[in-house]
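Chains as they are written, first to last, in our numbering: chain A, 1 to 284; chain B, 1001 to 1417. Worksheet: the structure to be examined is printed underneath.
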């Protein structure tokens, strides 16, 4: 942001102070993530930069923690990753199906008690996770679903649907309903209209809601801590145990992989958001 | 419609009004049917269980069911002096049954909640009861330990007679019902929960303030920069937002440890001595720093989306009418951002007040919050009714805030980046 030439000196100083503050805040936000990356290649078993690393000695870097993550003996990460992906994928499918259908109903102007129902539907997002965890645990224990994949998937559907409901209702708020009426007048039945007209138009919203649901499930630890048995361990649970007991560099290798995954998700989400804005004609 | 005006009929001969109402009703049902699966799913798996928590938090049937005869016999006891033989005999009968089922340990745990000192005397009673002779149980029980001859302990048992109790809620506020049935606070040095509630509020409040102070300038910068720069900077906000909470907490654990980079830096610039590195983790500082960074995107995004809608010409108009940039900012720009401030602050506050993972990892003993206490009772002491009571106390606090949020911003206005 260039200042006009006539700016008075003290405003000029203020402007640079403001830019410095902004720079510091951005640094505070993003820098912690980049500490993990180099340390995960540490050849030693410490979580601080060795002298070799500071002088960029190639011997000070190694892939041993990545090897340990994949091939290590009695290693929990393989099972954890498998569980995490299975649970997150099923939870995402469930959340997207239930959430999208509900959002379609909620966006109808005929919907009775809209405010109240909306409040119930997004309550899992507002209620602190610890309380959701306790409540869901009581339900799953009674239903005999504690320490099962099914139980955890259901729990994550509960936590994931609010995101889908919100993103899809937001997409539908800019939706031109005359296109569905046009389709109906041309003889299309409602299911066909939904599949061929509505769904392609709201798809960006559905997918970005699905991404939220996926990340929520993939990153969720509070509820899983109550529900999971040894068999159902997930990546967040393993990280939680690792961080509590002893910080080993293997965790940093896992964390690096997770950062790469979140970067991919961020890029997808951004592309979808732009596409959705273009489709809805909000592009400025 | 008055009877004189001619009714408008549809082609089927039905009055238009009726036909429209019918169509309207059909549409309502259709819309509701779409919402129904999710609604019922959530009601069964989520709303009812929260109701179940409410029930558990006041449920006190356990002792009532363990000592049915004793409580029946106690109905005629005035509680002034030691109960008579009838109560002792009933208690003995109940107790023998509990010992047979190996449940006397549970009874001692439960009674110990009401009054300390039951654990040992119940153990002694179990051993002695094997040699009890029939009749005159009062003498025999009182001979086991002098506390059995103390009327206070019998009053403590009597207080457990009702099936429902609010004592878990009182315990959550460090209060209890004393011998005279009055609600009093526990001694000063045992008030752990009040300290936790206050600390939770304090940390949530200051984290919100810090987030606001940091988010406002960068949201402003993001909203005023040209698209191609702001998109790049937006990544700095969105990448942490999408990154796993545990990864971000781990990075703070690395940064804040005593041999960590932040301490290295402080030593390097000569702020602290190398042998006197400050403890920045496992205390409140750790909770503050890590929670502020983790919750910052939740403040930036609502602020940004509001600031994006403010036209830059308003500031120019303010300046051209003679205001200095500061006056123009304060009188024109700032009031327009208030909806974003409200949304961001309440969002961050609600999230912070229920935080669990980060304080548990970097907060140590002095930086943990009420959520950690709830988890502790769920997983370690297994006092689920107490965990439920505290959870509901926290929930009611959050609902008040949520209600305010709805009043000020409206729940439909939640934006997710």
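For every residue, glycine included, the Cβ atom is placed at its ideal position computed from N, Cα and C. What you are looking at is a predicted structure, and each value in this text was computed from that prediction instead of being measured.
From the DSSP output, in three-state form, read off residue 236 (chain A) for me.
Counted from its first residue, the first chain places residue 236 (chain A) at position 236. Three-state DSSP puts residue 236 (chain A) in a helix.
If I measure Cβ to Cβ from residue 1204 (chain B) and keep anything under 7 Å in the same chain, skipping five residues before and after, which residues do I get?
Walking along the second chain from the start, residue 1204 (chain B) turns up at place 204. Excluding sequence neighbours, residue 1204 (chain B) sits near 1349, 1352, 1353.
Going along the chain, which residues of its own chain have a beta-carbon closer than 8 Å to the beta-carbon of residue 251 (chain A), five neighbours each way excluded?
Here residue 251 (chain A) corresponds to residue number 251 of the first chain, with the count starting at 1. Within the same chain, residue 251 (chain A) has close Cβ partners 239, 242, 243.
Is the CB of residue 1393 (chain B) under 8 Å away from at least one CB in chain A?
Walking along the second chain from the start, residue 1393 (chain B) turns up at place 393. Not an interface residue.
For residue 275 (chain A), which residues of its own chain have a beta-carbon under 8 Å away from its beta-carbon, when the five flanking residues on both sides are left out?
Taking the first residue of the first chain as 1, we reach residue 275 (chain A) at position 275. Answer for residue 275 (chain A): 204, listed in chain order.
Can you pull the chain A residues whose beta carbon is under 7 Å from the beta carbon of residue 1341 (chain B), in chain order?
The residue labelled residue 1341 (chain B) in the question sits at position 341 within the second chain. Per Cβ cutoff of 7 Å: no residues; residue 1341 (chain B) is ~16 Å from chain A at best.
Exposed or buried, what is residue 1160 (chain B) when buried is set at 16 or more other beta-carbons lying within 10 Å of its beta-carbon?
Translated into the one-based positions of the second chain, residue 1160 (chain B) becomes position 160. Residue 1160 (chain B) should be labelled buried.
Per DSSP, what kind of secondary structure is residue 125 (chain A) in: helix, strand or coil?
For the purposes of this step, residue 125 (chain A) is taken as the residue at position 125 of the first chain. Helix at residue 125 (chain A).
Sort B:1070, B:1095, B:1279 by Cα distance to residue 1367 (chain B) and report the nearest one.
Along the second chain, read from residue 1 onward, the residue named residue 1367 (chain B) stands at position 367. Cα-wise, what sits closest to residue 1367 (chain B) is B:1279.
Quick one: list the residues of chain A neighbouring residue 1250 (chain B), beta-carbon separation under 8 Å, in chain order.
Translated into the one-based positions of the second chain, residue 1250 (chain B) becomes position 250. Under the 8 Å cutoff, chain A gives 36, 239, 243, 247, 251, 252, 255.
Under the assumption that residue 111 (chain A) contacts residue 1040 (chain B) (Cβ atoms under 8 Å), give the Cβ distance between them as a whole number of angstroms.
Reading the first chain from its first residue, position 111 is the one you call residue 111 (chain A). Reading the second chain from its first residue, position 40 is the one you call residue 1040 (chain B). Not quite, the Cβ-Cβ distance comes to about 16 Å (not below 8 Å), so this is no contact.
Is the distance from the Cβ of residue 1307 (chain B) to the Cβ of residue 1207 (chain B) below 8 Å?
Locating residue 1307 (chain B) in the second chain gives position 307, where the first residue counts as 1. Locating residue 1207 (chain B) in the second chain gives position 207, where the first residue counts as 1. Contact flag unset, no.
Could you give the uninterrupted runs of the alpha helix (DSSP H) lying entirely in the region 1187 to 1261 of chain B, keeping only those of 4 residues or more?
For the region 1187 to 1261 of chain B, whole alpha helix (DSSP H) runs of length 4 or above, ordered along the chain, are 1192 to 1224, 1227 to 1242, 1245 to 1256.
With distances taken between CB atoms, is the gap from residue 217 (chain A) to residue 91 (chain A) smaller than 8 Å?
Here residue 217 (chain A) corresponds to residue number 217 of the first chain, with the count starting at 1. Here residue 91 (chain A) corresponds to residue number 91 of the first chain, with the count starting at 1. Closer than 8 Å, so yes.
Using a Cβ-Cβ distance under 8 Å, would residue 205 (chain A) count as near chain B?
Position 205 of the first chain, counted from the start, is the residue given in the question as residue 205 (chain A). Chain B, which has no Cβ nearer than 8 Å to the Cβ of residue 205 (chain A), makes this no.
Applying a beta-carbon distance threshold of less than 7 Å, which residues of chain B neighbour residue 263 (chain A)?
By 1-based counting over the first chain, the position of residue 263 (chain A) is 263. Ordered by position in chain B, the residues that pass the 7 Å Cβ test against residue 263 (chain A) are 1239.
Kindly indicate which three-state DSSP category residue 1272 (chain B) falls into: helix, strand or coil?
The residue given as residue 1272 (chain B) occupies position 272 in the second chain. Note: residue 1272 (chain B) maps to coil in three-state DSSP.
For residue 1087 (chain B), which of B:1076, B:1097, B:1181 has the nearest alpha-carbon?
For the purposes of this step, residue 1087 (chain B) is taken as the residue at position 87 of the second chain. The shortest Cα separation from residue 1087 (chain B) among B:1076, B:1097, B:1181 belongs to B:1076.
Measuring straight from C-alpha to C-alpha, what distance separates residue 7 (chain A) and residue 1316 (chain B)?
Here the question's residue 7 (chain A) lines up with position 7 in the first chain. Here the question's residue 1316 (chain B) lines up with position 316 in the second chain. For residue 7 (chain A) and residue 1316 (chain B), the distance between alpha carbons rounds to 14 Å.
Less than 8 Å separating the beta-carbons of residue 257 (chain A) and residue 1217 (chain B)?
By 1-based counting over the first chain, the position of residue 257 (chain A) is 257. By 1-based counting over the second chain, the position of residue 1217 (chain B) is 217. Cβ atoms of residue 257 (chain A) and residue 1217 (chain B): not closer than 8 Å.
Within the same chain, show all residues whose beta-carbon is closer than 8 Å to that of residue 197 (chain A), passing over the 5 residues directly before and after it, in chain order.
Translated into the one-based positions of the first chain, residue 197 (chain A) becomes position 197. 179, 180, 183, 188, listed in sequence order.
Let me confirm a value: residue 117 (chain A) is counted as buried when at least 16 other C-beta atoms fall within 10 Å, else exposed. Which label applies?
Counted from its first residue, the first chain places residue 117 (chain A) at position 117. Its Cβ being crowded by 16 or more others within 10 Å, residue 117 (chain A) is buried.
Distance cutoff 8 Å, beta carbons only. Does residue 108 (chain A) sit that close to anything in chain B?
Against the first chain, residue 108 (chain A) aligns to sequence position 108. Residue 108 (chain A) counts as touching chain B.
Have a look at residue 169 (chain A) and residue 1305 (chain B) and give me their C-alpha separation to the nearest angstrom.
Walking along the first chain from the start, residue 169 (chain A) turns up at place 169. Walking along the second chain from the start, residue 1305 (chain B) turns up at place 305. About 18 Å.
Can you give me the Cβ contacts of residue 1404 (chain B) inside the same chain, cut-off strictly under 8 Å, excluding the 5 residues immediately before and after it?
In the second chain, the residue the question calls residue 1404 (chain B) occupies position 404. The residues are 1346.
Please tell me whether residue 285 (chain A) has its Cβ less than 8 Å away from any Cβ of chain B.
A query on residue 285 (chain A) cannot be resolved here, the shown segment of chain A reaching from 1 to 284 and no further.
Could you say which of A:14, A:76, A:162 lies nearest to residue 234 (chain A) if we only look at CA atoms?
Counting from one through the first chain, the residue named residue 234 (chain A) turns up at place 234. Comparing Cα-Cα distances from residue 234 (chain A) to each of A:14, A:76, A:162, the minimum goes to A:76.
Is it true that the region 118 to 135 of chain A meets the region 151 to 167 of chain A, where meeting means three or more beta-carbon pairs spaced less than 8 Å apart?
The region 118 to 135 of chain A vs the region 151 to 167 of chain A: in contact.
For residue 278 (chain A), which of A:236, A:174, A:186 has the nearest alpha-carbon?
Here residue 278 (chain A) refers to the residue found at position 278 of the first chain. Per the Cα distances, A:174.
So if I threshold CB-CB distances at 8 Å, which residues from the region 1276 to 1295 of chain B count as touching chain A?
So the close ones are 1293.
If you compare alpha carbons, which of A:36, A:130, A:27, A:56 is closest to residue 1355 (chain B)?
One-based indexing of the second chain puts residue 1355 (chain B) at position 355. Nearest of A:36, A:130, A:27, A:56 to residue 1355 (chain B), Cα basis: A:130.
Any beta carbon of chain A sitting closer than 8 Å to that of residue 1416 (chain B)?
Along the second chain, read from residue 1 onward, the residue named residue 1416 (chain B) stands at position 416. The predicted position of residue 1416 (chain B) is uncertain, since its pLDDT is 47 and thus under 50; no value can be drawn from it.
Which residues in the same chain as residue 115 (chain A) place their Cβ atom closer than 6 Å to its Cβ, once the five residues preceding and following it in sequence are excluded?
Here residue 115 (chain A) is taken as the residue at index 115 of the first chain, counted from 1. Cβ neighbours of residue 115 (chain A) beyond the five flanking positions: none.
Check whether the region 33 to 48 of chain A and the region 1243 to 1260 of chain B touch, using three or more Cβ-Cβ pairs below 8 Å as the test.
They touch, by the three-pair rule.
Below 8 Å between beta carbons: does that hold for residue 1445 (chain B) and residue 1215 (chain B)?
Any question about residue 1445 (chain B) goes unanswered here, given that chain B covers just 1001 to 1417.
Taking the beta carbon of residue 71 (chain A) as the centre, do at least 16 other beta carbons fall within 10 Å, making it buried, or is it exposed?
As a first step, residue 71 (chain A) must be located in the first chain, where it is residue number 71. Counting Cβ neighbours within 10 Å, residue 71 (chain A) comes out exposed, since fewer than 16 surround it.
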